[in-house]
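A.B. asks:
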Amino acid sequence: MRTIRLYSYLFGYIALNLSKIRQAEKLHAEGKQKESYRLIDTVAEKGIKKIIKIVGARTTIKGLENISHDETYLFVGNHQSNMDIPLVYACIPRKPTFIAKKEMKNIPLLGRVMKAKGCIFLDRNNPRNAIKSINEGVELLKSGENLVLFPEGTRSKGPKMNEFKAGGLKLALKSGVKIVPVTIKNSYMLMEKNNGKVKPADVEIIFSEPIDVSNCKDAVTLSADIQKIIEKNLRDSE
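For the sequence shown, my numbering gives the first residue as 6, with consecutive numbering after it.
Written out as structure tokens, the structure is:
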């Protein structure tokens, strides 16, 4: 029942807000990106709050004191579930945009919302496209927009992490923004553990202390260090 409610609400809510989405798309096309992002935020915040309630995610958040409202960050997290995007979005006070796999761009209605929000769609199998996406992300960060990256590249669908891909960390190295490691625990229990059926679960999200990348030039080492931080948080909270 929760599964039907989730998808019915998601696409119904987007359909009801099509006029605002069209307005945001128009602003984006006119080069008024920030106005477009903020308009989408007014739609997304309300909808995501309801979605989290529908799926029954009982969320514990730790480390918000590590995030300054006045700074721009690259948030780098593990990726267990389709629910990670709404969960992380809901937690961060100054709403972020996301690096997402290119397939999400083609999801009816939802893809339009993500494009109007400035989401960057990454094709990891196309090196030229990947470089272009990284450069777009760097410009987004330099403009003051928070960005979220899941460097595993795909959902782990369980408690164990996949190895981080280092390429995305160039976003921070090229833009100079700090990185906030984000640990997401048990979000896979909301859907992936149940073959896609929605079931309530306790989820923990931890924002670790920001990492200053000004003296770091090696994306591979940086990626490994962040993965170790997240793995430790996953172990410590067991």
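Heads up, the beta-carbon is just placed ideally off N, CA and C, and yes, glycines get one too.
Model, not experiment: these values are computed from the prediction.
Distance check for G201 and Y18, CA to CA, integer angstroms please.
C.D. replies: On the sequence shown, residue 18 is found 13 positions in, with the first residue counted as 1. On the sequence shown, residue 201 is found 196 positions in, with the first residue counted as 1. Going by the C-alpha atoms only, they are around 21 Å apart.
A.B. asks: By Cβ distance, which residues of its chain are closer than 6 Å to S180, with the 5 residues on each side in sequence left out?
C.D. replies: Position 175 of the sequence shown holds residue 180. V143, L146, K147, listed in sequence order.
A.B. asks: On the three-pair Cβ rule with 8 Å, is the region 125–143 touching the region 190–199?
C.D. replies: no
A.B. asks: Measure the CB-CB distance between F169 and I231 and report whether it falls below 8 Å.
C.D. replies: Residue mapping note: residue 169 aligns to position 164 of the sequence shown, counting from 1. Residue mapping note: residue 231 aligns to position 226 of the sequence shown, counting from 1. Yes, these two residues count as a Cβ contact at 8 Å.
A.B. asks: Which ranges does the alpha helix (DSSP H) cover as unbroken runs of at least 4 residues, wholly within the region 162–225, from first to last along the chain?
C.D. replies: 175–180
A.B. asks: Distance check for R240 and K233, CA to CA, integer angstroms please.
C.D. replies: As a first step, residue 233 is located in the sequence shown; it is residue number 228 there, counting from the start. As a first step, residue 240 is located in the sequence shown; it is residue number 235 there, counting from the start. Taking the straight line joining both Cα atoms gives about 10 Å.
A.B. asks: Would you kindly check if the distance between the Cβ of D46 and the Cβ of K100 is under 8 Å?
C.D. replies: Numbered from 1 along the sequence shown, position 95 holds the residue referred to as residue 100. Numbered from 1 along the sequence shown, position 41 holds the residue referred to as residue 46. Cβ atoms of K100 and D46: closer than 8 Å.
A.B. asks: Measure the beta-carbon distance from L176 to I139 and round it to whole angstroms, keeping in mind my assumption that it falls under 8 Å.
C.D. replies: As a working note, residue 176 is residue 171 in the sequence shown. As a working note, residue 139 is residue 134 in the sequence shown. Confirmed, Cβ separation roughly 6 Å.
A.B. asks: Using CA coordinates, which residue listed in D207, L178, T102, I104 is at the minimum distance from D223?
C.D. replies: Along the sequence shown, read from residue 1 onward, the residue named residue 223 stands at position 218. Out of D207, L178, T102, I104, L178 has the C-alpha closest to the C-alpha of D223.
A.B. asks: Count Cβ pairs between the region 68–83 and the region 48–57 that sit closer than 8 Å; are there 3 or more?
C.D. replies: no
A.B. asks: Beta carbon of V208, beta carbon of L23: below 8 Å?
C.D. replies: Counting from 1 along the sequence shown, the entry for residue 208 is found at position 203. Counting from 1 along the sequence shown, the entry for residue 23 is found at position 18. Contact flag unset, no.
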